[in-house]
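So the protein sequences, as listed, match chains S and X.
Residue numbering for the first sequence follows this note's numbering, beginning at 328 and increasing consecutively.
Residue numbering for the second sequence follows this note's numbering, beginning at 4 and increasing consecutively.
These notes are about the structure you will find just below.
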Amino acid sequence: MRADALKGHLDLLLLTIMQDGPFHGYAVMEELRARTDGTIDLPEGTIYPALHRLERAGLLVSSWSEVNGRRRRSYSLTPGGKKAAQEKRREWSAFALTVQRVVGAPAWPTMA
Amino acid sequence: MADDGVIAAYLRELDSSVAKLSERDDIVSEAEDHLREAAERRMREGRPPAEAEAEAVARFGSAALIARMCVLEAKRGVAVPTNRTRAAGLAALVTPVLLVAGQYINLNVERGFVHGIGVMSLVAAIPAFVYFLWGIRARHGGLGRLGKIAVIGSLVAPCGAFANSRYAFFAAVALFALAVVVLVVEMLRANVLPVTPLVLLATGPIFLVVFTLRVTAGSGDAGDEWMWSMLPMAAGYLWLGWYLWREPAFDSAPRRGPFATA
Numbered sequence: 328m329r330a331d332a333l334k335g336h337l338d339l340l341l342l343t344i345m346q347d348g349p350f351h352g353y354a355v356m357e358e359l360r361a362r363t364d365g366t367i368d369l370p371e372g373t374i375y376p377a378l379h380r381l382e383r384a385g386l387l388v389s390s391w392s393e394v395n396g397r398r399r400r401s402y403s404l405t406p407g408g409k410k411a412a413q414e415k416r417r418e419w420s421a422f423a424l425t426v427q428r429v430v431g432a433p434a435w436p437t438m439a
Numbered sequence: 004m005a006d007d008g009v010i011a012a013y014l015r016e017l018d019s020s021v022a023k024l025s026e027r028d029d030i031v032s033e034a035e036d037h038l039r040e041a042a043e044r045r046m047r048e049g050r051p052p053a054e055a056e057a058e059a060v061a062r063f064g065s066a067a068l069i070a071r072m073c074v075l076e077a078k079r080g081v082a083v084p085t086n087r088t089r090a091a092g093l094a095a096l097v098t099p100v101l102l103v104a105g106q107y108i109n110l111n112v113e114r115g116f117v118h119g120i121g122v123m124s125l126v127a128a129i130p131a132f133v134y135f136l137w138g139i140r141a142r143h144g145g146l147g148r149l150g151k152i153a154v155i156g157s158l159v160a161p162c163g164a165f166a167n168s169r170y171a172f173f174a175a176v177a178l179f180a181l182a183v184v185v186l187v188v189e190m191l192r193a194n195v196l197p198v199t200p201l202v203l204l205a206t207g208p209i210f211l212v213v214f215t216l217r218v219t220a221g222s223g224d225a226g227d228e229w230m231w232s233m234l235p236m237a238a239g240y241l242w243l244g245w246y247l248w249r250e251p252a253f254d255s256a257p258r259r260g261p262f263a264t265a
């Protein structure tokens, strides 16, 4: 799946993954890859600006630690982030159901 | 970044690409952690170090792309209600009260302490209006460049109304109407807030332009009658204010009390 197909849905994916967090960026990508059987293929570095934005919005909170001599930033959901994840999942379900009604509808009956 | 491998070279490039950003050090540290971990994993799978590093860097995305994404994401908001957007709703509800009360006192009370309060109320309506515009843009997660231009236009245009010229006044009204209509169209496209108050918000300035054109073509003086054309806008404005104010904020901490269940 191309990165532009994810446009508008990345927040939902990140917030949903974070429900099992805390995760650092690499672990988020690994989770994303594992849960989609590697279907989602976006430049890995592009999730960091999105994570930073979600943190600025108060939906994620991060903390730094040192692992193998490197600085590591781990993210977890705030209470507001949990609510936002639920709300976005509800919106997505309604949207997906609506599209499915059209796209997944049986073909117009034709004369035999 | 001591060694001169592919990752070290990439990090130097990234560092210079994001040099102007306030989060520069954090971005580079996170990138380093990510790339080293990705390369280590590939080496555990049996890849030679140079190949593992090159593959990790290739999957991460170019330094230019990451820098561009950082700038773009920094401009974007998250289209969720927050305490700030709720406060913006409250500011929208307070603005007309400040305007009406301030103008009433300004016109009917002799100069003195109370008159001063009235004038202060009128002045306070301006930051309340600005705060509402900021909040409604934030509620939509940014509204893009066009939305930003429209917000600026609807802030700048009313200033032209103070010009001592009929044509300058008309230009200000036209600019204000255009800015509000563009803002409303962008908000309708974003599909975040209810349609009716947004449409009401846009009809006021359109009525105002029609009214001003009619007056300009006719006698040229309509007194305070123009205010009536703004009633739909005021209704939409208050409706949106109420809507923003009553939305539950996502960034509020859950209330803890003696009866909390968790």
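C-beta: ideal position from N, C-alpha, C; glycine also.
How big is the Cα-Cα spacing for X:R140 and X:L146? Each residue's Cα considered, the two are about 6 Å apart.
Nearest CA to the CA of X:V126: which residue from X:I108, X:A66, X:L196 and X:H143? Nearest of X:I108, X:A66, X:L196 and X:H143 to X:V126, Cα basis: X:I108.
For S:Y402, the nearest candidate out of X:E33, X:F214 and X:A104 (CA to CA): From the listed residues X:E33, X:F214 and X:A104, the smallest Cα separation to S:Y402 is found for X:E33.
So is X:P51 buried or exposed if we call it buried at 16+ other beta carbons inside 10 Å? Using a 10 angstroms sphere on the CB of X:P51, the tally of other CB atoms stays under 16, which defines it as exposed.
Can a CB atom of chain S be found closer than 8 Å to the CB of X:S19? With 8 Å as the cut-off, X:S19 does not count as an interface residue toward chain S.
N-terminal and C-terminal residue of the alpha helix (DSSP H) that S:R383 is part of: Counting along the chain, the alpha helix (DSSP H) containing S:R383 begins and ends at I374 to R383.
Would you report the Cα separation of X:R39 and X:I10, rounded to the nearest angstrom? Between the alpha carbons of X:R39 and X:I10 lies a gap of roughly 8 Å.
Is S:V388 helix, strand or coil by DSSP? Looking at S:V388 - three-state DSSP - the assignment turns out to be strand.
Sorted by chain position, which residues of the same chain lie with C-beta nearer than 6 Å to X:F210's C-beta, five sequence neighbours on each side aside? Correct list, in chain order: S232.
Buried or exposed: which applies to S:L342, given that a residue is buried once 16 or more other Cβ atoms fall within 10 Å of its Cβ? S:L342 sits buried, since 16 or more C-beta atoms from the chains shown fall within 10 Å of its C-beta.
For X:L203, report the span of its beta strand (DSSP E) as first-last. For X:L203, there is no enclosing beta strand (DSSP E); the residue is found in the alpha helix (DSSP H) stretching over V198 to A220.
Whose C-alpha, out of X:R148, X:L96 and X:A59, is nearest the C-alpha of X:M190? Checked all of X:R148, X:L96 and X:A59; the closest Cα to X:M190 is X:R148.
Looking at the unbroken beta strand (DSSP E) that takes in X:L191, where does it start and where does it end? For X:L191, no beta strand (DSSP E) run applies; the uninterrupted alpha helix (DSSP H) run containing it begins and ends at R169 to A193, by DSSP.
Could you spell out the range, first to last residue, of the alpha helix (DSSP H) harbouring X:R114? Run containing X:R114: none; DSSP gives neither H nor E here.
For the structure I just gave you, are there three or more beta carbon pairs, one from the region 414 to 422 of chain S and one from the region 16 to 33 of chain X, closer than 8 Å? No: fewer than three Cβ pairs fall under 8 Å.
Contact under 8 Å by Cβ, X:A153 with X:G163: At the C-beta level, X:A153 and X:G163 stay beyond 8 Å of one another.
Does the distance from the C-beta atom of S:K410 to that of S:L339 stay below 8 Å? The answer is no: Cβ separation not under 8 Å.
To the nearest angstrom, how far is it from the Cα of S:P376 to the Cα of S:Y353? So the alpha carbons of these two residues sit roughly 13 Å apart.
Exposed or buried, X:A61, counting other C-beta atoms within 10 Å across all chains shown (16 or more means buried)? Exposed, since its Cβ has fewer than 16 Cβ neighbours within 10 Å.
Helix, strand or coil at S:E393 [DSSP, three-state]: Shown here, S:E393 sits in a strand according to DSSP, grouped into three states.
For S:M356, report the span of its alpha helix (DSSP H) as first-last. In the DSSP annotation of this structure, the continuous segment of the alpha helix (DSSP H) that includes S:M356 starts and ends at G352 to R362.
Measuring straight from C-alpha to C-alpha, what distance separates X:E58 and S:G396? Using only the alpha carbons, I get a separation of about 22 Å.
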